[in-house]
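A short worksheet on the structure shown next.
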Amino acid sequence: MRRLSRRAVDPRARPSAAGSDPVSSTASSSTASSARTDTASRLHAFNRFEIKYLVPEDQADELRAELRRHMDDDAHSGDGGYPITSVYYDTEHLKFYWEKIEGLKFRRKLRVRHYGTADDLTPESNVFVEIKQRVNRVTQKRRVSLPYRDALRLCSPEGYEPAGEVSTRERAFLDEVSTLVGELGLRPTVTTGYHREAWVGREADLGLRVTLDHRLRGRDRDFHLSSESVNRLTLPPRLSVLEVKANERVPAWVTDVTARMSLDVVRISKYCQCVQAFGLAPRSIMHAPDEVDAILRDGPDAVDGAGVVPADPTTPNGVDDAPTRKGALTR
Numbered sequence: 402m403r404r405l406s407r408r409a410v411d412p413r414a415r416p417s418a419a420g421s422d423p424v425s426s427t428a429s430s431s432t433a434s435s436a437r438t439d440t441a442s443r444l445h446a447f448n449r450f451e452i453k454y455l456v457p458e459d460q461a462d463e464l465r466a467e468l469r470r471h472m473d474d475d476a477h478s479g480d481g482g483y484p485i486t487s488v489y490y491d492t493e494h495l496k497f498y499w500e501k502i503e504g505l506k507f508r509r510k511l512r513v514r515h516y517g518t519a520d521d522l523t524p525e526s527n528v529f530v531e532i533k534q535r536v537n538r539v540t541q542k543r544r545v546s547l548p549y550r551d552a553l554r555l556c557s558p559e560g561y562e563p564a565g566e567v568s569t570r571e572r573a574f575l576d577e578v579s580t581l582v583g584e585l586g587l588r589p590t591v592t593t594g595y596h597r598e599a600w601v602g603r604e605a606d607l608g609l610r611v612t613l614d615h616r617l618r619g620r621d622r623d624f625h626l627s628s629e630s631v632n633r634l635t636l637p638p639r640l641s642v643l644e645v646k647a648n649e650r651v652p653a654w655v656t657d658v659t660a661r662m663s664l665d666v667v668r669i670s671k672y673c674q675c676v677q678a679f680g681l682a683p684r685s686i687m688h689a690p691d692e693v694d695a696i697l698r699d700g701p702d703a704v705d706g707a708g709v710v711p712a713d714p715t716t717p718n719g720v721d722d723a724p725t726r727k728g729a730l731t732r
């Protein structure tokens, strides 16, 4: 199968000023692209500032109550949230990982993401191929929805050619992914999974999105999104990750809530945390606070309820014969 042409695509040329958004919504993305090519675009793009906090589970109910005073449940959140599983791609020497650790002002990550359980996934299921990048202080995410089988082809040496006409912007994105995979030799590196609750802003806070991610876990092999392989905790189960995402500035009420609850801002990357948990690279103080490092090193008091166990640094790549069951990563 013919690989997409490796045209030079420099996302740094895209708007990156605070609050600027090359595509402010799914609808505007389709409209703008269709106006140029008469072809509907599947490309979505978002520009945001992100702030992260670690939240003890015993404070989660208080936090939910505060968020619901000011925000609405995300339309896709359902009753209690939804599972997310992502496969991250990197080079043999972890180029993207080290760019994050070193705090480069421009850096990227490539991932394939599935919303739903492992049992929901078929080769025809739609997943997202995403490039998440940082340009100075702005986080940009661009993604395209593809059937799972096509997403795997796009992110492999095999390559992927769309069956029909695509918009100019979607073609540029597909070419960028193809170029990254081909020129950097990207390969699946880790799989991450967690359960997410999400809220969206209302009225003056329409650009605000807040998520709370529980039971962070992953694996460093067998990268099919519905794999039955053992998955391990990459963060203690009594801690969740709160992410605040805003177009321009974080509302004062958010900082008031986090201050009142004594939540500290942390620099934690789910991808980097998983890489470190499996011993693929040294731990970095930039991602896991000392308390988290100690818990992951010594092990939690019990195995996680879905057959997920803590990474054990005394075994090769943190792998042993711990019990598992199908779909454990996404449940």
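Position in the sequence shown (from 1) plus 401 gives the number in the working numbering.
All C-beta atoms, glycine included, are put in the ideal place defined by N, C-alpha and C.
Distance, residue j Cα to residue i Cα
i, j, result
"Ser-579", "His-625", "20 Å"
"Ser-568", "Gly-594", "31 Å"
"Leu-617", "His-515", "15 Å"
"Pro-683", "Glu-566", "45 Å"
"Pro-638", "Glu-562", "41 Å"
"His-596", "His-615", "5 Å"
"Leu-581", "Glu-644", "27 Å"
"Glu-559", "Arg-620", "24 Å"
"Ile-669", "Pro-457", "15 Å"
"Asn-632", "Tyr-489", "15 Å"
"Arg-465", "His-494", "40 Å"
"Thr-438", "Lys-506", "Low local confidence applies: a pLDDT of 39 at Thr-438 is under 50, so the model's placement there is unreliable, with the coordinate-based value given in what follows. In a straight line, the C-alpha of Thr-438 is about 33 Å away from that of Lys-506."
"Val-530", "Gly-517", "15 Å"
"Ala-476", "Gly-602", "12 Å"
"Pro-524", "Asp-606", "38 Å"
"Arg-355", "Ala-653", "In the structure as shown, the chain begins at 402 and stops at 732. Residue 355 is therefore absent and cannot be evaluated."
"Val-611", "Leu-681", "30 Å"
"Thr-540", "Ala-564", "31 Å"
"Gln-460", "Asp-665", "13 Å"
"Pro-589", "Arg-543", "19 Å"
"Ala-446", "Asp-462", "32 Å"
Local conformation of residue i per DSSP, three classes
i, result
"Asp-634", "Residue 634 is actually Leu in this sequence, not Asp. Here Leu-634 sits in strand by DSSP."
"Thr-590", "strand"
"Ala-461", "helix"
"Glu-451", "strand"
"Leu-681", "coil"
"Asp-665", "coil"
"Gly-481", "coil"
"Ser-431", "Here the model assigns Ser-431 a pLDDT of 38, short of 50, so the residue's position is not dependable, and the following value carries that caveat. Here Ser-431 sits in helix by DSSP."
Beta-bridge pairing of residue i - partner residues as DSSP gives them
i, result
"Gln-534", "Arg-509, Gln-541"
"Asp-473", "Val-601"
"Val-515", "Looking at the sequence shown, residue 515 is not Val but His. Thr-486."
"Ile-502", "Answer by DSSP bridge pairing: none, since Ile-502 is not bridged."
"Val-676", "DSSP lists no partner for Val-676."
"Leu-444", "Val-545"
"Asp-520", "Beta-bridge pairing links Asp-520 to no other residue."
"Tyr-595", "Ile-485"
"Phe-497", "Phe-497 pairs with nothing; no bridge assigned."
"Asp-491", "Arg-588"
Residue range of the unbroken beta strand (DSSP E) whose run includes residue i
i, result
"Arg-620", "610-620"
"Ser-579", "Counting along the chain, Ser-579 falls outside any beta strand (DSSP E), though it belongs to the alpha helix (DSSP H) covering 569-585."
"Val-642", "640-647"
Residue range of the alpha helix (DSSP H) that includes residue i
i, result
"Phe-624", "Where Phe-624 is concerned, there is no enclosing alpha helix (DSSP H), given that its DSSP letter is neither H nor E."
"Leu-555", "549-555"
"Val-658", "653-661"
Requested in this report: Would you check if the segment 458-477 and the segment 658-666 touch, i.e. whether three or more CB-CB distances between them fall below 8 Å?
Outcome: yes
Query raised in the report: Contact between the segment 444-462 and the segment 478-485: three or more CB pairs below 8 Å?
Result: no
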